[in-house]
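Undergrad:
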Amino acid sequence: MPLPDEAGGPAVVTALQERAARAQPAEHVETLGGWWLRHAPGCDWWLSAVLPHGPAGAGGAEELEHRIARAEDFYSRRGGAALFQISPGACPVELDGVLAERGYSRRGSLSLQTAPTSAVRGRAPTSPLHVRVDRRPTQPWFDAWTAAHSRTPDGAGPEKATLARVQGRSAYARALAGSVTVAVGRAAADTGWAGVFNMATLPEARGNGAAGCVLAALAEWARTQRAHRMYLQVERANAAALRLYQRAGFTEVCGYHYRVPDAGPAHQR
69 MPLPDEAGGP AVVTALQERA ARAQPAEHVE TLGGWWLRHA PGCDWWLSAV LPHGPAGAGG
129 AEELEHRIAR AEDFYSRRGG AALFQISPGA CPVELDGVLA ERGYSRRGSL SLQTAPTSAV
189 RGRAPTSPLH VRVDRRPTQP WFDAWTAAHS RTPDGAGPEK ATLARVQGRS AYARALAGSV
249 TVAVGRAAAD TGWAGVFNMA TLPEARGNGA AGCVLAALAE WARTQRAHRM YLQVERANAA
309 ALRLYQRAGF TEVCGYHYRV PDAGPAHQR
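In the numbering used here, the protein residues as written are 69 to 337.
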């Protein structure tokens with residue numbers, strides 16, 4: 069369904085963050101009055117963050133405390149600790165402060181960005197690289213993704229499990245220098261939007277337009293899916309990625325961060 073025109077409004081942020089959660093589905097998901105409690109064992113830690121969307125409800129502060137306690141119990145029963153994704157405007161106003169008082173530390177500074185699909189398509193870099201787009205992740209796609217993240221081949225297991233749970237339409241793009249895959253990325257289409265995920269480039273291929281070629285190919289695929297706008301999430305500390313997305317036409321909708329227990333998993337980022 070189309071989103072409201074109000075750029076950066078709570079409804080827009082909520083809808084995009086929930087699209088992103090569907091595109092990166094956790095193994096266990098429970099809902100709690102609009103909150104998504106997610107647990108993805110073995111995966112990147114932020115895939116297990118609570119999406120605490122919507123107001124706390126008529127119960128006010130008492131209801132908010134109840135929901136936090138329910139979330140903490142959800143993770144405790146699975147041998148972990150609760151962590152919360154805080155997107156201002158999409159979450160209860162008081163939540164960030166309440167979590168801080170409960171001993172949760174702030175971690176990460178991320179940017180939710182959007183762009184018209186036509187703009188991303190129109191800004192493809194000039195490059196001799198060939199880009200192949202598949203409906204499913206191939207072994208060369210996984211090999212390049214793990215190599216770019218300095219992981220062993222076995223390290224792709226949790227990522228493979230996550231992608232196997234995706235129910236919507238996806239595209240897996242890889243840029244090739246000859247027969248060698250040097251950059252990869254993924255797009256997931258969802259009700260008029262396409263999210264960009266898993267962008268990765270081998271160190272020796274960085275700076276030659278490979279990532280831009282992948283991004284443009286994903287935008288072309290998004291056009292075929294009638295996804296007229298695209299979104300992505302990027303760390304503000306990742307200067308190279310920010311430059312890439314700015315060149316492609318992306319602009320920030322909002323910033324967000326996480327709240328994690330002091331002994332929680334955020335040190336992995």
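Note that CB positions come from ideal geometry on N, CA and C, so glycine has one too.
1. Output the distance between the C-alpha atoms of Tyr-326 and Gln-207, rounded to the nearest integer angstrom.
2. Among the residues of its own chain, which have a CB less than 7 Å from the CB of Pro-78, if the five just before and after it don't count?
3. In terms of alpha-carbon separation, which member of Glu-303, Val-321, Trp-114 lies closest to Ala-83?
4. Pull up the distance between the alpha-carbon of Ala-224 and that of Gly-148, whole angstroms please.
5. Once the 5 residues before and after Gln-336 are set aside, which same chain residues still bring their CB inside 6 Å of it?
6. Measure the alpha-carbon distance for Ala-243 versus Gly-171 and round it to whole angstroms.
7. I'd like the list of long-range same chain contacts for Ala-262, defined as Cβ closer than 6 Å, with 5 residues on each side in sequence excluded.
8. Work out the CA separation of Gly-246 and Ala-268 for me, nearest whole Å.
9. Which of helix, strand or coil does DSSP assign to His-335?
10. In this structure, does DSSP put Pro-70 in helix, strand or coil?
11. For Leu-178 versus Gln-301, is the C-beta distance shorter than 8 Å?
12. Would the stretch 159-169 count as touching the stretch 272-289 if we require 3 or more Cβ pairs under 8 Å?
13. Nearest-angstrom Cα distance between Arg-145 and Glu-95?
14. Do you know offhand how far Arg-174's Cα is from Pro-196's?
15. If you drop the 5 nearest sequence neighbours on each side, which residues of the same chain put their C-beta closer than 7 Å to that of Val-188?
16. Going by alpha carbons, who is nearest to Ala-308 out of Asp-330, Ala-232, Gly-277, Tyr-324?
17. Taking only three categories from DSSP, how would you classify Gly-165?
18. For a test of the three-state rule: what should DSSP assign to Pro-226, helix, strand or coil?
19. I'd like the list of long-range same chain contacts for Pro-193, defined as Cβ closer than 7 Å, with 5 residues on each side in sequence excluded.
20. Tell me where the beta strand (DSSP E) around Thr-99 begins and ends.
21. Output the distance between the C-alpha atoms of Ala-212 and Asp-222, rounded to the nearest integer angstrom.
22. Tell me, please, which residues DSSP counts as bridged to Met-298.
23. Going by Cα to Cα distance, which pick from Val-252, Pro-226, Thr-292 is closest to Asp-258?
24. Whose C-beta lies closer than 7 Å to the C-beta of Phe-265 among residues of the same chain, with five residues either side of it excluded?
25. Report yes if the C-beta distance between Val-97 and Trp-104 is below 8 Å; otherwise report no.
TA: According to the data block:
1. 33 Å
2. Excluding residues within five positions, the ones whose Cβ falls inside 7 Å are Gly-157, Ala-158.
3. Val-321
4. 22 Å
5. A caution first: Gln-336 carries a pLDDT of 37, below 50, which makes its placement in the model too unreliable to give a value.
6. 44 Å
7. Ala-255, Ala-290, Ala-295, Met-298
8. So the two alpha carbons sit approximately 18 Å from each other.
9. A caution first: His-335 carries a pLDDT of 37, below 50, which makes its placement in the model too unreliable to give a value.
10. Unreliable positioning characterises Pro-70 in this predicted model, as indicated by a pLDDT of 43, which lies under 50. A coordinate reading is not provided.
11. yes
12. no
13. 14 Å
14. 43 Å
15. Leu-283, Ala-284, Ala-287, Met-298, Ala-316, Gly-317
16. Per the Cα distances, Gly-277.
17. helix
18. helix
19. Cβ neighbours of Pro-193 beyond the five flanking positions: Gly-277, Gly-280, Cys-281.
20. Per DSSP, Thr-99 belongs to the beta strand (DSSP E) from 96-100.
21. 13 Å
22. Ala-183, Ala-262
23. Thr-292
24. Ala-91, Gln-92, Arg-254, Ala-256
25. yes
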